[in-house]
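Just so it is clear: in the sequence shown, position 696 is 696 by my numbering, and no numbers are missing. Let me begin by presenting the structure, written as structure tokens, before commenting on it.
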Amino acid sequence: MVRGDKNVGLGYSAVTLVFIILSSTWVSAIASAEDSKTNSESEVSWPKSGSVDTGWMEIATSGGNDSTTNSQSYANWNLEFAPGAEISNISLQVHVNGSNGLSIDSPLLVSQDTGDRFFDFSGYGKLGALDSFDGLNPYADRLAPNSATGAGWTLPSSATITELTLEALAPSDPIAFFDQVDITDFHSTQHPDDGQLYLSTGNAVYVIDANNNPEIVDSFSFNRNLGDVVGMDVGPNGNVHIALSSGNFKIIDRNNGTLQSGLPAISNGVLAAFKVLDSGIYVAYENGSLYELDLAASVWNLKASAETTTTFSGITRVNDIHEQSDVIYLATDNGVARYDSNLEQPLSQWSSNSFQNVLHSDTITRIETMGSLLLFASPDSGIARLNYNSGNWLSTWNSGNFLPSDSVYDMALNQNVLHILSGDKLVRYDMISSTFPTPVELNSMNLTESSSLTLIPWSSIGSRSPSTDVHIATNGNGKLMLIEADVQSNLLDEILFATGPFDSDINDVLEYDGILYGAGFFSKVVERFDLVASVWLEPIVINDYVYTLARAGDTILAGTYTNGIYLVENGTIRGNIPAGNEYGNLGGTLAIYDIDSTGDCTTTQGCEIMFVQPYGVYTATADATSTNNPTRIQESFVLNYDVAIYGGVGFIATDEGLQRYDLANNTFIDTWGSTSSSRLNYAQVAVIGTTMNMGIEGFGVARKDIVTGQSVSTLSSATTGITNDNVYSVEASGSDLWIGTDSGAWIWDGSTATKVLEGGFYER
Numbered sequence: 001m002v003r004g005d006k007n008v009g010l011g012y013s014a015v016t017l018v019f020i021i022l023s024s025t026w027v028s029a030i031a032s033a034e035d036s037k038t039n040s041e042s043e044v045s046w047p048k049s050g051s052v053d054t055g056w057m058e059i060a061t062s063g064g065n066d067s068t069t070n071s072q073s074y075a076n077w078n079l080e081f082a083p084g085a086e087i088s089n090i091s092l093q094v095h096v097n098g099s100n101g102l103s104i105d106s107p108l109l110v111s112q113d114t115g116d117r118f119f120d121f122s123g124y125g126k127l128g129a130l131d132s133f134d135g136l137n138p139y140a141d142r143l144a145p146n147s148a149t150g151a152g153w154t155l156p157s158s159a160t161i162t163e164l165t166l167e168a169l170a171p172s173d174p175i176a177f178f179d180q181v182d183i184t185d186f187h188s189t190q191h192p193d194d195g196q197l198y199l200s201t202g203n204a205v206y207v208i209d210a211n212n213n214p215e216i217v218d219s220f221s222f223n224r225n226l227g228d229v230v231g232m233d234v235g236p237n238g239n240v241h242i243a244l245s246s247g248n249f250k251i252i253d254r255n256n257g258t259l260q261s262g263l264p265a266i267s268n269g270v271l272a273a274f275k276v277l278d279s280g281i282y283v284a285y286e287n288g289s290l291y292e293l294d295l296a297a298s299v300w301n302l303k304a305s306a307e308t309t310t311t312f313s314g315i316t317r318v319n320d321i322h323e324q325s326d327v328i329y330l331a332t333d334n335g336v337a338r339y340d341s342n343l344e345q346p347l348s349q350w351s352s353n354s355f356q357n358v359l360h361s362d363t364i365t366r367i368e369t370m371g372s373l374l375l376f377a378s379p380d381s382g383i384a385r386l387n388y389n390s391g392n393w394l395s396t397w398n399s400g401n402f403l404p405s406d407s408v409y410d411m412a413l414n415q416n417v418l419h420i421l422s423g424d425k426l427v428r429y430d431m432i433s434s435t436f437p438t439p440v441e442l443n444s445m446n447l448t449e450s451s452s453l454t455l456i457p458w459s460s461i462g463s464r465s466p467s468t469d470v471h472i473a474t475n476g477n478g479k480l481m482l483i484e485a486d487v488q489s490n491l492l493d494e495i496l497f498a499t500g501p502f503d504s505d506i507n508d509v510l511e512y513d514g515i516l517y518g519a520g521f522f523s524k525v526v527e528r529f530d531l532v533a534s535v536w537l538e539p540i541v542i543n544d545y546v547y548t549l550a551r552a553g554d555t556i557l558a559g560t561y562t563n564g565i566y567l568v569e570n571g572t573i574r575g576n577i578p579a580g581n582e583y584g585n586l587g588g589t590l591a592i593y594d595i596d597s598t599g600d601c602t603t604t605q606g607c608e609i610m611f612v613q614p615y616g617v618y619t620a621t622a623d624a625t626s627t628n629n630p631t632r633i634q635e636s637f638v639l640n641y642d643v644a645i646y647g648g649v650g651f652i653a654t655d656e657g658l659q660r661y662d663l664a665n666n667t668f669i670d671t672w673g674s675t676s677s678s679r680l681n682y683a684q685v686a687v688i689g690t691t692m693n694m695g696i697e698g699f700g701v702a703r704k705d706i707v708t709g710q711s712v713s714t715l716s717s718a719t720t721g722i723t724n725d726n727v728y729s730v731e732a733s734g735s736d737l738w739i740g741t742d743s744g745a746w747i748w749d750g751s752t753a754t755k756v757l758e759g760g761f762y763e764r
């Protein structure tokens, strides 16, 4: 995505300049009159014929100051002609020099007397400089496959480009996590001109554009040695300052959006908070020590030390920095620490057991100014209120009066409306009427109660911001809910900031048609991840522990703990094949450990499925309209819970060799045994091409060509780079064979073994 140079102004200018040359040849008259000293001052003499070259004329236009009225700037250029003159062979040149700052928007040169248009650039934008593309700005598109060609300018045919500036951003789809999403460390600020939102989590800052798709238009990641972002704010020059826990700083330039070196570093511990206030720029360490930046000397000065100042004691976490009436307040895990920036001295620390105040809790997470009140939010005791003018403490808002819960997760103020996240509701306070309208249920805004609940203000101040002031509400699950920052508090939009699986415990994975499916064991769902868009889709609810996955044509087969095999097609459950009946269906005996299939369950010809349970092997069939109950083909206590189908033959891994079953004739054929061991613990099978691969503990991977029946060279420490012959699992992935051992996992690509996972005991 690219965007025009931010240094170029938009809309109409109050004064724009254009050079115009007019050359004309007269047949019977010329376009200028000469005064003659021999004639009287009131007489003008005109030659009979001639030509005139006006030369370059600089014309300054006026008007057009108000872009909201779409009014044009204009200028008059008067040329005198002899009475009755005939004018012919006129040539006109219009020239602008954008490199010298001369440009004009949609110029039109017209004869006031006749209405003739001498030059018309209407509808083509600026002449001399362009600050936007034809069509939508900024231009956003997806590469197909490695390029996008939808951005361009319309230029005059003879134009010469002297300077070309592009801002290329890096838009991205939602951040993809591979465990459950729980973001708890949001920090934010806005660009002072275009209103785009800077949102940080961890060691990265993301640029959010309310009017682009995708909304994440750029990102900045920092070296992990610099730590996480602990605060962002707009500085005196409009640059966005970023503070990192290591004490280092970066800035995002206001004009061109580039990341640059920032404020001088400070290294006296781990930074916890950063704020640009009216009285200066401040940072606080985890222990509460407060520093202010001396802009002139470019050094940080200690204002209050937690090590030497008794009024800043017992603090291990600083959650917020707030300023009101020259007093700086630190919201901490040991009350409120205070510093008088006017007197330049610490003030007494407030806590729940001090006599100077009635602070309701020692854990303060947020401080907000609302009119003449200071509000102190806590996660366990509601919101304390202080009239900072009179010094009087007012009654606390809690579950005993106006709040649904003593748990206050966050609060944010916009003009005359305060939003509070309390319990499982969004509480609204109207300052004008001093009332609490009915709270809004969080589930009505696709949110749930969580300790990660956060409110992020986003004001409507530019073209990249929302059309109205909003508060972003999120519970850390990656969904940003845009809520009107007013009493109505309507849900306006949802931005998918990050996605992850429903649960982190995934038992098996399978890829088909660009979608990665995962067997959610404890979550009882089939997870889905779109590999093209890099986003997690809504999971398919199974309501049973999902053990294993397989595919039969266009059907995903999900093997479960008690309910057999579910057939998933087009993202929904189409049917179910029950588990085989084993030993009175005792606990665990119905679990489906592995599945393979041949055919396509979505066709009239259907599919045949083979699966293994703890003490038996079963087959079943299904077609486009029906499913059949399973048939047990073997009962055994030596199964290794792995099956495969190739060429109409089912292969069953057991402790006594590789059993083979002819699916068409429903009969067993000769077993392939091992000469290396009479007991094949953990024997697993996988078919790649015509090769059957069988992992054997202490032996490696035995291989056999299914078509010819000939053995293929064994994969072992003696023949490959695999350093351990204790093979517990094998899995086919295209033409690659994944091999799990008790000292790591390897990929065999047909000629080379590459280690991809260290250590462990990889049974699957």
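Just so it is clear, CB atoms sit at the ideal spot from N, CA and C, and this is done for glycine as well.
> Which residue from S88, S91, D131, W77 puts its Cα closest to that of Q112?
Replying inline: It is W77 whose Cα lies nearest to the Cα of Q112.
> For the candidate residues S352, L373, R366, whose alpha-carbon lies nearest to that of S325?
Replying inline: Checking every option, the nearest Cα to that of S325 belongs to L373.
> Taking the DSSP output, what are the residues bridged to D705?
Replying inline: T691.
>> If I measure Cβ to Cβ from G84 and keep anything under 7 Å in the same chain, skipping five residues before and after, which residues do I get?
In response: Taking C-beta separations shorter than 7 Å and ignoring five residues to either side along the sequence, G84 has no partners in its chain.
> Alpha carbon to alpha carbon, how far is G759 from Q684?
Replying inline: Whole-angstrom Cα-Cα distance: 19 Å.
>> Whole angstroms are fine: how far does the CA of H241 sit from the CA of G231?
In response: About 8 Å.
> Can you tell me whether DSSP reads S717 as helix, strand or coil?
Replying inline: Here S717 sits in coil by DSSP.
> C607 lies in the beta strand (DSSP E); which residues open and close that run?
Replying inline: In the DSSP assignment, C607 falls within the unbroken beta strand (DSSP E) covering 607–613.
> Thinking C-beta only, is I609 closer than 9 Å to Q634?
Replying inline: Cβ atoms of Q634 and I609: not closer than 9 Å.
> What residue from G371, I161, P379, S399 has the CA that sits closest to G128's CA?
Replying inline: Just measuring C-alpha positions, the residue of G371, I161, P379, S399 sitting nearest G128 is I161.
> Going straight from the alpha carbon of I175 to that of S534, what length do you get?
Replying inline: A straight line joining the alpha-carbon of I175 with that of S534 spans about 8 Å.
> Just how far apart, CA to CA, sit D481 and Q260?
Replying inline: Position check: residue 481 holds Met in this sequence, whereas Asp was assumed. Going by the C-alpha atoms only, they are around 31 Å apart.
>> Measuring straight from C-alpha to C-alpha, what distance separates E731 and F312?
In response: Going from the Cα of E731 to the Cα of F312 covers about 60 Å.
> Where DSSP assigns a beta bridge to A686, which residues make up the other side?
Replying inline: By DSSP's assignment, A686 forms a beta bridge with N693.
>> Tell me the residue span of the beta strand (DSSP E) that contains W300.
In response: First-last of the beta strand (DSSP E) with W300: 299–304.
> Do you know how far the Cα of G740 is from the Cα of S504?
Replying inline: Cα to Cα, S504 sits roughly 21 Å from G740.
>> According to DSSP, is L10 part of a helix, a strand, or is it coil?
In response: Confidence is the limiting factor: at L10 the pLDDT is only 32, short of 50, which leaves the residue's position unreliable and the question unanswerable from this model.
>> Taking CB distances under 9 Å as the criterion, tell me whether T396 reaches chain D.
In response: Among the chains of the structure shown, chain D does not appear; only one protein chain is present.
> Is the stretch 445–452 touching the stretch 409–429 in the sense that three or more CB pairs, one from each, lie closer than 8 Å?
Replying inline: Note that the stretch 409–429 touches the stretch 445–452; at least 3 beta-carbon pairs, one per stretch, sit closer than 8 Å.
>> By DSSP's criteria, N392 is part of a beta bridge. Which residues make up the other side?
In response: Beta-bridge partners assigned by DSSP to N392: N387.
> Using CA coordinates, which residue listed in N239, I542, S245 is at the minimum distance from I252?
Replying inline: Checking every option, the nearest Cα to that of I252 belongs to N239.
> Near N414, what residues of its chain come up, given a Cβ to Cβ distance below 6 Å and the 5 sequence neighbours on each side ignored?
Replying inline: Same-chain partners within the cutoff: D469, A485.
> Taking only runs of the beta strand (DSSP E) that begin and end inside the stretch 598–653, which ones reach a length of at least 3 residues, in chain order?
Replying inline: As far as the stretch 598–653 is concerned, its whole beta strand (DSSP E) runs of at least 3 residues are 607–613, 616–622, 631–635, 639–646.
> Nearest to R317 by alpha carbon, out of T310, L330, V205, T308?
Replying inline: Nearest in C-alpha terms to R317, of all of T310, L330, V205, T308, is L330.
> Roughly how many angstroms lie between the CA atoms of A686 and Q196, to the nearest whole one?
Replying inline: Straight-line measurement puts the Cα of Q196 at about 52 Å from the Cα of A686.
> Distance, Cα to Cα, S267 vs S351?
Replying inline: S267 and S351 have their C-alpha atoms roughly 29 Å apart.
> In whole angstroms, what separates the C-alpha of T396 from that of T438?
Replying inline: One C-alpha to the other measures close to 19 Å.
> With DSSP run on the structure shown, which of helix, strand or coil describes S444?
Replying inline: Taken through DSSP and simplified to helix, strand or coil, S444 comes out as helix.
> Fully enclosed by the stretch 95–134, which beta strand (DSSP E) runs are 3 residues long or longer?
Replying inline: Entirely contained in the stretch 95–134, the beta strand (DSSP E) runs reaching 3 residues are, in chain order, 108–110, 117–120.
>> In whole angstroms, give me the CA-to-CA distance for E167 and G227.
In response: Note on geometry: alpha-carbon atoms of E167 and G227 lie some 28 Å from one another.
> Residues bridged to W672 by DSSP?
Replying inline: According to DSSP, which records beta bridges pairwise, W672 is partnered with L658.
>> On a Cα-Cα basis, can you pick out the residue from P156, A624, Y641, L164 that is closest to H95?
In response: In terms of CA proximity to H95, P156 leads the group P156, A624, Y641, L164.
> Out of curiosity, what's the CA-to-CA distance linking E656 and T589?
Replying inline: So the two alpha carbons sit approximately 21 Å from each other.
> Which parts of the stretch 312–346 are runs of the beta strand (DSSP E), unbroken and 3 residues or longer, counting only runs that do not cross its ends?
Replying inline: Listed in chain order, the complete beta strand (DSSP E) runs (minimum 3 residues) inside the stretch 312–346 are 318–324, 327–332, 335–340.
> Given N765, which residues of its chain have a CB within under 8 Å of its CB, disregarding the five upstream and five downstream residues?
Replying inline: The requested residue 765 does not occur in the structure, where the chain is confined to residues 1 to 764.
>> My output table needs one value for N225: the three-state DSSP class, helix, strand or coil.
In response: Correct three-state label for N225: helix.
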